[in-house]
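Asker: Take a look at this one; I'll ask things after.
Numbering (the working numbering), first residue to last: 2 to 758.
Structure below.
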């Protein structure tokens, strides 16, 4: 710890730094060159205090009053300090002393040594001056007990007793203008309870319904995290802001409430941009909150200084900087409202250090919160109004279609529209096709599921109702040759720009749950249903059954060393064996994720998380933690390639620390896509002996990593070993890693997107 005291304005013009005292405690990393100090001249050696100094000293204006004080001591002696202590004989054991008239010379030597030590500490001023604001900040934040500890370490390295500290400072002529001592502090506390910026931010987040926060703490946001926890917000601490950001984004998707990522300033904010951009790309609500530099030091190269508002601009739909404590409530509530309004996405809140250290009394804080709540932009939190005639037109298009199809994605899952969607599907008999994270909104086992007949369904349908899914690369942009050139799209989306971009036959702006409810009501008033014997239904069902049968033949083959299919079937059966509530499956990797999308079965909503719209690798452990925190009653199972796992592998310690029910299954094939797949003619040049760019250490023992933190690790290379590991880990519901060894030549480079590499 360190002490920093604000001094009077008598600082010498020679000294470029702001005046102050900074002292490093015994526990801090402080460089000391005793030899150099011993060779320097001292104003306190012998009787030299009355002579001209032999060299110039930093903070000369402080040393000279001390010299004058010593001069007085010769004539009058020192004021006696009440406490009874023996005078130490070793400098390192200084303690308060009792003045004895017979020990005048010893008294002088003692105080001279104290001043000498003080001089040495002052010479570290440039290094430690930055800590000044934090010690003074303790007082401003009403954390006087912490300030006492800093102050007593400066003087004697013992507990502060009585008024000795103030007496000492007065005797040494140090004018401390910003410090409120205990009696003054208590008197003020009896009148008003002060709220600092950290506490006010936490209060606003809590009032906005934020109950979870993810991040990495440090200067200047540690106190913010602690105050949030005190108000009932659970803080999940990560090793890296990137993984924490992915967790925050996924938490927003799973709960419908913005996930909050808390980071330090500068590089912490930059690390958090991965999660913020991922949230915006996937249309998930998230708030990135970062501390930032003191505003008074802007542009001067302050600690971790960065124009963070400019840095987040490409990735945030809204950003705000609270330049004063009075702006905090409005900034917080705006960030929350913008995150969930329209198409959900990432927002950013910038909190300068000086604003976090400002204070207002409790009544003023409540007034500011109430004012901000009353002035919230209602248009941001209200669902858009839409034309009911479009509902009628959509139903008529579906009714008249010969080959209708309903496509839905994670937007429909985010809207929690599973009940309304199921009613529309079952009342009309229209087959459905989910996007990867839309899977489970209606069970993959449903008889109208067209997942296994995807190519036929999208290639032959004449009317497609697309709900909460974008016609992007995942759906081949809604264009030929994958889609029929004559297909009529009905797009339901909360984003008007998305509808305008795709130019559908019919666009309906609105929430998926509400629109589907109105569509079902319209159908119920004038029902229609294709029926099981409809040619379109028979064609889709027949194709799906054929493809499933072919896949099951491949899955039934036991291949050792493992390919991707053999262990994936074992994992599928184990997950289905858990029952309800179904586990949340997190999947990432090239071959691992591609095979998992075809083999793994989702039976319940929002139980699949993968690379998503951006195809982001590295999301695995962050998503796992978010799922476990959002749904503590569910088991979480990650099915990851070894490359994807490596992005965030250290977060297995986070799993163990919070004892989250997460089982991580690593498909270990020795590299990105696999081991060294180069042709001999490719292995040339001066670095031909280096490993291939796609390869990792063969046979890496990933399962041992979690054991270092107290979790359970398994190595599985045969069906029996894998079945045993799955049964034991699923039953225990404790953090575990199953290292599944895969043939390094199984799978394909870049998975199903090899043509793009």
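Every residue, glycine too, gets a C-beta built ideally from N, C-alpha and C.
1. Can you have a look at residue 332 and say buried or exposed, based on whether 16 or more other CB atoms are within 10 angstroms of its CB?
2. Would you list the residues sitting across from residue 349 in a DSSP beta bridge?
3. Looking at C-beta atoms only, is the number of pairs between the region 561-581 and the region 455-468 that lie closer than 8 angstroms three or more?
4. Would you please state the rounded distance, in angstroms, between the beta carbons of residue 589 and residue 620? I believe it to be under 8 angstroms.
5. Should residue 8 be labelled buried (16 or more other beta-carbon atoms within 10 Å of its own) or exposed?
6. With a threshold of 16 other CB atoms inside 10 Å of the CB of residue 420, please say whether the residue is buried or exposed.
7. Find the nearest neighbour of residue 431 within the set 585, 653, 408, judged by alpha-carbon distance.
8. Leaving out five residues before and five after residue 131 in sequence, what residues of the same chain have Cβ atoms less than 7 angstroms from its Cβ?
9. From 552, 350, 699, pick the residue whose C-alpha is nearest to that of residue 746; which is it?
10. Within the same chain, show all residues whose beta-carbon is closer than 6 angstroms to that of residue 625, passing over the 5 residues directly before and after it, in chain order.
11. In angstroms with no decimal places, state the Cα-to-Cα distance between residue 541 and residue 696.
12. When you compare each of 485, 538, 486, 469 to residue 492 by their alpha carbons, which one comes out closest?
13. Which same chain residues, not among the five before or five after residue 405, have their C-beta less than 6 angstroms away from its C-beta?
14. How about residue 604 and residue 445: are their beta carbons less than 9 angstroms apart?
15. Out of curiosity, what's the CA-to-CA distance linking residue 355 and residue 295?
16. Could you check which residue in 211, 230, 240, 402 has the C-alpha nearest to that of residue 657?
17. What residue range does the beta strand (DSSP E) around residue 639 cover?
18. Going by other Cβ atoms of all chains shown within 10 Å of its Cβ, with 16 needed for buried, is residue 523 buried or exposed?
19. According to DSSP, is residue 561 part of a helix, a strand, or is it coil?
20. Less than 9 angstroms between the C-beta atoms of residue 436 and residue 476, yes or no?
21. DSSP puts residue 1 in a beta bridge; with which residues?
22. Who are the near neighbours of residue 659 in its chain, counting only those whose CB is closer than 7 angstroms to its CB and skipping five residues on each side?
23. Determine, using beta-carbon pairs with one atom in the region 702-711 and one in the region 645-654, whether at least three such pairs fall under 8 angstroms.
24. Could you check how far apart the C-beta atoms of residue 316 and residue 281 are, in whole angstroms? I think they sit under 8 angstroms.
25. Quick one: Cα of residue 594 to Cα of residue 616, how far?
26. Roughly how many angstroms lie between the CA atoms of residue 374 and residue 289, to the nearest whole one?
27. Taking only three categories from DSSP, how would you classify residue 238?
28. Quick one: using the 10 Å Cβ neighbour count with 16 as the cut-off for buried, is residue 218 buried or exposed?
29. State the CB to CB distance for the pair residue 337 and residue 259, rounded to an integer number of angstroms; the pair is presumed to be in contact (CB under 8 angstroms).
30. Contact between the region 226-233 and the region 201-216 is defined here as three or more beta-carbon pairs at a separation below 8 angstroms; is this criterion met?
31. Give me the Cα-Cα distance between residue 743 and residue 300, rounded to the nearest whole angstrom.
32. Just to confirm before moving on: does the CB-CB distance between residue 441 and residue 609 stay below 9 angstroms?
33. Is residue 642 near residue 591, with beta carbons less than 9 angstroms apart?
34. Residue 214 bridges to which residues according to DSSP?
35. Count the other C-beta atoms from every protein chain shown that fall within 10 angstroms of the C-beta of residue 448, then say buried if there are 16 or more, exposed otherwise.
36. Does the beta-carbon distance from residue 347 to residue 456 come in below 9 angstroms?
Answerer: According to the structure data:
1. buried
2. 289, 320
3. no
4. 6 angstroms
5. With a pLDDT of only 34 at residue 8, under 50, the local geometry of the prediction cannot be trusted, and no value is derived from it.
6. By the neighbour-count rule (16 or more Cβ atoms within 10 Å), residue 420 is not buried but exposed.
7. 408
8. Because the pLDDT at residue 131 is just 42, under 50, the model does not fix this residue reliably, and the point stays unresolved.
9. The option with the nearest alpha carbon to residue 746 is 699.
10. Excluding residues within five positions, the ones whose Cβ falls inside 6 angstroms are 587, 637, 639, 663.
11. 41 angstroms
12. 469
13. Excluding positions up to five away in sequence, the list reads 399, 431, 464.
14. yes
15. 5 angstroms
16. 240
17. 637-642
18. buried
19. coil
20. Taking a C-beta distance under 9 angstroms as the contact criterion, residue 436 and residue 476 qualify as a contact pair.
21. Given that the chain is displayed from residue 2 to residue 758, the structure contains no residue 1 and the question cannot be resolved.
22. 237
23. yes
24. 6 angstroms
25. 10 angstroms
26. 21 angstroms
27. strand
28. Buried, because 16 or more other Cβ atoms sit within 10 Å of the Cβ of residue 218.
29. With 8 angstroms as the limit, residue 337 and residue 259 qualify as a contact, their Cβ atoms being about 6 angstroms apart.
30. Because the criterion of three Cβ pairs below 8 angstroms is met, the region 226-233 and the region 201-216 touch.
31. 53 angstroms
32. The answer is yes: Cβ separation under 9 angstroms.
33. yes
34. As computed with DSSP, residue 214 is found in a beta bridge with 236, 261.
35. Its Cβ having fewer than 16 others within 10 Å, residue 448 is exposed.
36. no
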